[in-house]
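Notes to accompany the following structure.
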Amino acid sequence: MNSLIGQFDISDDRIKQIVAETINGADDGELFLEYSESEALMFDNGRLKTANFNTDQGFGLRAVAGEASGYAHSSDLSEASLLRAADAVSTVKGGYSGTLAAAPARTNRHLYGDENPIPSPSFEAKAKLLQEIDAWLRAEDPRVRQVTASLAASWQHVEIVRADGQMVRDIRPLVRINVS
Numbered sequence: 003m004n005s006l007i008g009q010f011d012i013s014d015d016r017i018k019q020i021v022a023e024t025i026n027g028a029d030d031g032e033l034f035l036e037y038s039e040s041e042a043l044m045f046d047n048g049r050l051k052t053a054n055f056n057t058d059q060g061f062g063l064r065a066v067a068g069e070a071s072g073y074a075h076s077s078d079l080s081e082a083s084l085l086r087a088a089d090a091v092s093t094v095k096g097g098y099s100g101t102l103a104a105a106p107a108r109t110n111r112h113l114y115g116d117e118n119p120i121p122s123p124s125f126e127a128k129a130k131l132l133q134e135i136d137a138w139l140r141a142e143d144p145r146v147r148q149v150t151a152s153l154a155a156s157w158q159h160v161e162i163v164r165a166d167g168q169m170v171r172d173i174r175p176l177v178r179i180n181v182s
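Numbering-wise (this note's numbering), the sequence shown opens with residue 3 and increments by one.
In structure tokens:
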């Protein structure tokens, strides 16, 4: 997946126009797009007890006017859905005339790759790893009676579009193993 904004049924320029018009007159705001995948496996009492996979996508549109903020969200990446969100969010301005805050400085460093950790290794290999952890712990000490091992992975792709047209993105891979 190269771009989340490209998943909409309209052009990038049209999206930027809608965001700019919605946030114009507010102090701050943005369009936040997210696509995420998550997987979790749990090996308990010598067997694979649970396995889950989930995919989510959607957007949130926000405008801040003084002390008030308006927010709308949807999982439907369409022009109609974005326009409905823009109508809802625009009401927060209600005659308010603010000045758009400057974009935050880009200070992030690229600390990890963009690869999605979920597809590899295979589901079978992940289940086997948890089984091996269980067997190893039990072999280490005969007093071990209960072993729970879990493996969780997630991959989150985020894009933010500001009213001034600035776009930023972040890819957030995460893998975690818990053993108790």
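Ideal Cβ positions, reconstructed from N, Cα and C, are used throughout, including at glycine.
Burial of residue 136 is indicated by the presence of at least 16 other C-beta atoms within 10 angstroms of its C-beta.
The continuous alpha helix (DSSP H) containing residue 83 extends over residues 81-92. Taken in chain order, the unbroken stretches of beta strand (DSSP E) that lie wholly in the region 138-176 and span 3 residues or more are 150-164. In this structure, the alpha-carbon of residue 77 lies about 21 Å from that of residue 23.
Ranking 113, 63, 170 by CA distance to the CA of residue 90 puts 63 first.
Annotated three-state conformation of residue 179 is strand, per DSSP. Approximately 12 Å separates the beta-carbon atoms of residue 163 and residue 36; this is outside 8 Å, ruling out the contact.
One alpha carbon belongs to residue 160, the other to residue 41, and they sit about 18 Å apart. Taking 8 Å as the cut-off, the Cβ atoms of residue 93 and residue 72 count as close. For residue 15, the enclosing alpha helix (DSSP H) covers residues 14-25. Distance between residue 51 and residue 152, taken at the CA atoms: about 10 Å. CA-to-CA, the gap between residue 49 and residue 154 works out to about 17 Å. If you draw a straight line from the Cα of residue 47 to the Cα of residue 121, it comes to about 26 Å. Minimum Cα-Cα distance from residue 69 among the listed residues 85, 38, 133, 28 corresponds to 28. Between the region 53-67 and the region 136-147 there are fewer than three inter-stretch CB-CB distances shorter than 8 Å, so the stretches are not counted as touching.
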